[in-house]
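Down below is the structure, laid out as structure tokens.
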Amino acid sequence: MEDIKETFYHTVAPLDFGYNYRVGTYLQRYIDALKDKKILGAKCPQCGKVVVPPRKYCGACNKVREEYVELSQEGTLENYTVGHITLEKGQVNQAESPYIVGMIKLGGADNLLVGKVAGVSPQEVKTGMRLKAVWKDQTEGEYSDLDHFEPV
Ligand SMILES: [Zn+2]
Numbered sequence: 000m001e002d003i004k005e006t007f008y009h010t011v012a013p014l015d016f017g018y019n020y021r022v023g024t025y026l027q028r029y030i031d032a033l034k035d036k037k038i039l040g041a042k043c044p045q046c047g048k049v050v051v052p053p054r055k056y057c058g059a060c061n062k063v064r065e066e067y068v069e070l071s072q073e074g075t076l077e078n079y080t081v082g083h084i085t086l087e088k089g090q091v092n093q094a095e096s097p098y099i100v101g102m103i104k105l106g107g108a109d110n111l112l113v114g115k116v117a118g119v120s121p122q123e124v125k126t127g128m129r130l131k132a133v134w135k136d137q138t139e140g141e142y143s144d145l146d147h148f149e150p151v
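In numbering that gives the first Met the number 0, the protein residues as written are 0 to 151.
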């Protein structure tokens with residue numbers, strides 16, 4: 000019997016094709032605001048909850064969110080994971096060094112934003128830490144303009 004784990008790690012069938020994904024009005028507005036170093040959420044007209052990144056429908060009320068609100072650049076680390084591998088085009092590789100992916104509750108938001116966390120080691124990171132957004136020097140209206148979060 001073949002070892003499934005061995006197969007997973009060593010057999011790679013490259014399917015290198017590109018496709019375009021239209022992000023839609025709500026995510027486009029979020030990305031456009033990143034160029035100005037602003038983080039936008041969308042507010043539900045019924046329950047008032049704000050989600051980031053903005054999404055059209057409130058999952059609880061099924062109402063269309065119509066209002067965009069600017070969120071704080073700071074938040075609390077609610078949860079995180081430390082990554083040791085990268086996955087690129089189906090290829091699993093060892094990361095150059097362990098990295099932290101955090102779930103951050105920004106001021107003014109009711110859900111958690113996933114983002115890279117830097118400026119703190121995987122040994123020292125802990126939930127409850129206050130973090131702030133760190134931007135690329137030159138923003139271009141790309142999802143990656145918001146580069147990472149680091150301790151305040
Ligand atoms: Zn709602």
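Glycine is no exception: its CB is placed at the ideal position from the N, C-alpha and C atoms.
Computed from a prediction, not measured in an experiment: that's the story for all the values here.
Which residue or residues does DSSP assign as beta-bridge partners of residue i?
| i | result |
| --- | --- |
| Val151 | Val151 is not bridged to any residue. |
| Lys102 | Checking the sequence, you will find Met at residue 102 rather than Lys. In the DSSP output, where bridge partners are listed per residue, Met102 has Asn78, Val113. |
| Gln90 | Glu87 |
On a CA-only basis, which of the options is nearest residue i? Give me that one, please.
| i | options | result |
| --- | --- | --- |
| Ser120 | Tyr79, Leu112, Asp136, Leu86 | Tyr79 |
| Asp136 | Leu145, Leu130, Met128, Arg129 | Leu145 |
| Gln72 | Gly82, Tyr18, Ala32, Glu123 | Ala32 |
| Thr10 | Lys131, Gly89, Ala117 | Gly89 |
From what residue to what residue does the beta strand (DSSP E) around residue i run?
| i | result |
| --- | --- |
| Gly82 | 73 to 87 |
| Ala132 | 129 to 134 |
| Gly40 | 39 to 42 |
| Val68 | 66 to 69 |
Over the uninterrupted alpha helix (DSSP H) stretch that includes residue i, give me the two end residues.
| i | result |
| --- | --- |
| Tyr25 | 23 to 34 |
Taking all protein chains shown into account, decide if residue i is buried (16 or more other Cβ within 10 angstroms of its Cβ) or exposed.
| i | result |
| --- | --- |
| Phe16 | exposed |
| Leu14 | exposed |
| Val113 | exposed |
| Cys43 | buried |
Below 6 angstroms from a heavy atom of ligand 1 - residues by beta-carbon: Cys43, Gln45, Cys46, Lys48, Cys57, Ala59, Cys60, Lys62
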